[in-house]
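Down below is the structure, laid out as structure tokens.
Protein chains: 2
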Amino acid sequence: MLVKYRIITEKPMLKYEDVAEKIKQMIYQQSMPKGTQLPNIEGLINQYQVSRTTIIKALNRLERHGVIYQVQGSGIFVRQPKKVSYLNFLESHGFSVDLNDLPGSSQVFNVDLMQPNVKVKENLQCDDNEQVYYIKRLRYADGKVYGFEQSYYRKKLVSYLNKEIAENSIFSYVQEVCKINIGFSDKYFKAIKLDAEIAPYLGLQAGDPALCVEEIFYTTSGEPFDFSQIVYHYENAKFYVQSHSK
Amino acid sequence: MLVKYRIITEKPMLKYEDVAEKIKQMIYQQSMPKGTQLPNIEGLINQYQVSRTTIIKALNRLERHGVIYQVQGSGIFVRQPKKVSYLNFLESHGFSVDLNDLPGSSQVFNVDLMQPNVKVKENLQCDDNEQVYYIKRLRYADGKVYGFEQSYYRKKLVSYLNKEIAENSIFSYVQEVCKINIGFSDKYFKAIKLDAEIAPYLGLQAGDPALCVEEIFYTTSGEPFDFSQIVYHYENAKFYVQSHSK
DNA sequence: TAGTGGTCTAGACCACATC
DNA sequence: ATGTGGTCTAGACCACTAT
């Protein structure tokens, strides 16, 4: 039997991922407006030649990602497109394609190997004497500064990093070269008053507002590998999150 | 056959929800630390007497809610408990129990029936001449002001509202009395500078930072019923979001 | 090699929506 | 009454981890 493979990761293509992707393409290529009804499950089974369960799994995935919504007894419908100029908060690093991780989108100040302080050590669950890479960089999008980031990667899991990698996408490197599979993440955030140290990086004044986000990323086996603190420019960075009760 | 029912909604209890809840209880009652391994799937099948698929569905739900993580070939493990004093951003209204929606936790300024302005009309997809309830209130938690909220509910879907309801939980009322089933939501957020009009409500100065969130809640059939703008106190409101790549 | 989670199937039956 | 999505089952087989 012919087995499809993902282009990048070389993992076997799962049927439900494949079907989900194709349905998504169908929606976007035909630029269906919100509320458009899709074929029913029976129809999708015939169209993609997979079992009912696989169709349902694909639909649930699309529902969680905000692409469609399903109404029992009624049908499957296209969901509202997100407002433009807002970033997907859950995909702003990591899980899916990150449009901001393009070459030249980061100004890197340093990439240092060091002993973590207490806070970093705790968040990354480091052993004693374990070392971490410390990266400080400014992030740009559309030519505008949108965030000041300080991140820490465990050397144990990310054995090498340099300035060039940090200027591009650390997450692509970590996945493709270090073979780290990203499993899940915790994000903590709040509004803050910018201090005199960070404000200049963003071209703002001390006392100006900012969105401060602390993130911890874990591998699929549950090991934390990245702890980052990002301070976002209050005018240049806006986010959205779509969620679902199911 | 005996069918279990949910206490409040009187909907039949689904097996996978039931199992998920029981596993969650097991974790919390035994206060298992993060990393604790749970029984394997075979064991859970025997313990709860349901099919493999149902166990897996329950586990996936717990995984999405940040309670556990599953490692293929290895096992099922308890995930890190969230930092205290942070609110779950996705559950801060709506989907699950809202600890802040307790009696006396809101100071209500007005509950008015009115014609929506353009922005509200668009976000709620109102027909022409449709009316909305406009509620303005301050939200408290632990005796501290944490947010200033302006919300709009479509009269078409929420036929009646008053000050007393707004002082308690609008969402409970909407679900239990109006029989609205909450399906999904869109949330947009950014840091802002407080203006002179809103700052006093939060006991802050104009120019101080704040987290501004705009939310749209939809019924399970995809109709928007609530549009809210909430301005959060930058010192009293902190949030977390847990996410998963699966 | 043995054990664990993950995918996929075919089919029965249930719950909700619409007419 | 009919059509739609949702749940649940039993079982085959695949993919990853540990030893």
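Line by line, the protein sequences are chains C and E.
At position 231 of the first sequence the residue is numbered 230 (numbering that gives the first Met the number 0), and the sequence of numbers has no breaks.
At position 65 of the second sequence the residue is numbered 64 (numbering that gives the first Met the number 0), and the sequence of numbers has no breaks.
Where a beta carbon is used, it is the ideal one built from N, C-alpha and C, also for glycine.
Note that the structure is predicted; figures quoted are calculated from it, not measured.
If you count every other CB in all the chains shown that lies within 10 Å of the CB of residue i, and 16 or more means buried, which is it?
{"i": "Tyr-217/E", "result": "buried"}
{"i": "Leu-112/C", "result": "exposed"}
{"i": "Lys-56/E", "result": "buried"}
{"i": "Ala-258/C", "result": "Chain C is shown from 0 up to 245; residue 258/C falls before or after that span and cannot be answered."}
{"i": "Asp-225/C", "result": "buried"}
{"i": "Thr-53/E", "result": "buried"}
{"i": "Asp-194/C", "result": "exposed"}
{"i": "Gln-223/E", "result": "For the record, residue 223/E in the displayed sequence is Pro; it is not Gln. Flag for Pro-223/E reads buried."}
{"i": "Ser-104/C", "result": "buried"}
{"i": "Val-117/C", "result": "exposed"}
According to DSSP, what are the bridge partners of residue i?
{"i": "Val-230/C", "result": "Phe-147/C, Cys-211/C"}
{"i": "Val-77/C", "result": "Ile-67/C"}
{"i": "Pro-223/C", "result": "Tyr-217/C"}
{"i": "Ile-181/E", "result": "Thr-218/E"}
{"i": "Asp-111/E", "result": "Tyr-133/E"}
{"i": "Ile-44/E", "result": "Its beta-bridge partners do not exist; DSSP assigns none."}
{"i": "Phe-262/E", "result": "With chain E represented from 0 up to 245, any question about residue 262/E goes unanswered, as that position is not in the structure."}
{"i": "Gln-174/E", "result": "Per DSSP, none; premise fails for Gln-174/E."}
{"i": "Gln-36/E", "result": "Phe-76/E"}
Considering Cα atoms alone, identify which of the options is closest to residue i.
{"i": "Val-230/E", "options": "Tyr-187/E, Gly-182/E, Met-12/E, Glu-148/E", "result": "Glu-148/E"}
{"i": "Ser-50/C", "options": "Ser-73/C, Ile-75/C, Lys-33/C, Val-18/C", "result": "Val-18/C"}
{"i": "Lys-192/C", "options": "Pro-208/C, Tyr-200/C, Gly-202/C", "result": "Pro-208/C"}
{"i": "Gly-34/E", "options": "Val-117/E, Asn-116/E, Ile-67/E", "result": "Ile-67/E"}
{"i": "Lys-186/C", "options": "Lys-21/E, Lys-81/E, Gln-29/E", "result": "Lys-81/E"}
{"i": "Tyr-133/C", "options": "Val-107/C, Gly-142/C, Cys-211/C", "result": "Val-107/C"}
{"i": "Ala-198/E", "options": "Lys-189/E, Phe-188/E, Cys-211/E", "result": "Cys-211/E"}
{"i": "Phe-88/C", "options": "Lys-245/C, Lys-237/C, Tyr-159/C, His-243/C", "result": "Lys-237/C"}
{"i": "Ile-136/C", "options": "Pro-115/C, Asn-45/C, Glu-166/C, Tyr-47/C", "result": "Note that residue 136/C corresponds to Arg in the displayed sequence, not to Ile. Considering only alpha carbons, the answer is Glu-166/C."}
{"i": "Asp-141/C", "options": "Ser-84/C, Ser-168/C, Val-131/C", "result": "Ser-84/C"}
Kindly list, in the order they appear in chain C, the residues whose Cβ is closer than 9 Å to that of residue i.
{"i": "Thr-35/E", "result": "Per Cβ cutoff of 9 Å: no residues; Thr-35/E is ~11 Å from chain C at best."}
{"i": "Leu-23/E", "result": "Going by the sequence as given, residue 23/E is Lys instead of Leu. Those do not exist, as Lys-23/E stays about 17 Å from chain C at its closest Cβ, beyond 9 Å."}
Using a cut-off of 7 Å between C-beta atoms, extract the partners of residue i located in chain C.
{"i": "Gly-182/E", "result": "Tyr-68, Ser-244"}
{"i": "Ile-191/E", "result": "Pro-208, Tyr-233"}
Determine the chain E residues that contact residue i at a beta-carbon separation under 7 Å, and present them in chain order.
{"i": "Phe-76/C", "result": "Gly-221"}
Is residue i helix, strand or coil by DSSP?
{"i": "Val-157/C", "result": "coil"}
{"i": "Ala-57/C", "result": "helix"}
{"i": "Ser-105/E", "result": "strand"}
{"i": "Gln-124/C", "result": "coil"}
{"i": "Tyr-152/C", "result": "strand"}
{"i": "Asp-97/E", "result": "Because the pLDDT of Asp-97/E is 48, which lies under 50, any placement of that residue in the model is unreliable, and the question is left without a value."}
{"i": "Ala-195/C", "result": "coil"}
{"i": "Ala-140/E", "result": "strand"}
{"i": "Gln-24/E", "result": "helix"}
Please indicate yes or no: does the CB of residue i lie closer than 7 Å to some heavy atom of the ligand HEM?
{"i": "Cys-125/C", "result": "This structure lacks the ligand HEM, and indeed carries no ligand of any kind."}
Give the interface partners of residue i over in chain E, defined as CB-CB distance under 8 Å, in chain order.
{"i": "Gln-204/C", "result": "Chain E residues near Gln-204/C: none, gap ~10 Å exceeds 8 Å."}
Counting only Cβ pairs nearer than 9 Å, list the residues of chain E close to residue i.
{"i": "Val-157/C", "result": "Here the premise fails: no neighbours, minimum Cβ distance about 18 Å."}
Just the chain C side, please: which residues come within less than 8 Å of residue i by C-beta, in chain order?
{"i": "Tyr-187/E", "result": "Lys-82, Tyr-85, Lys-237, Phe-238, Tyr-239"}
{"i": "Gln-79/E", "result": "Asp-185"}
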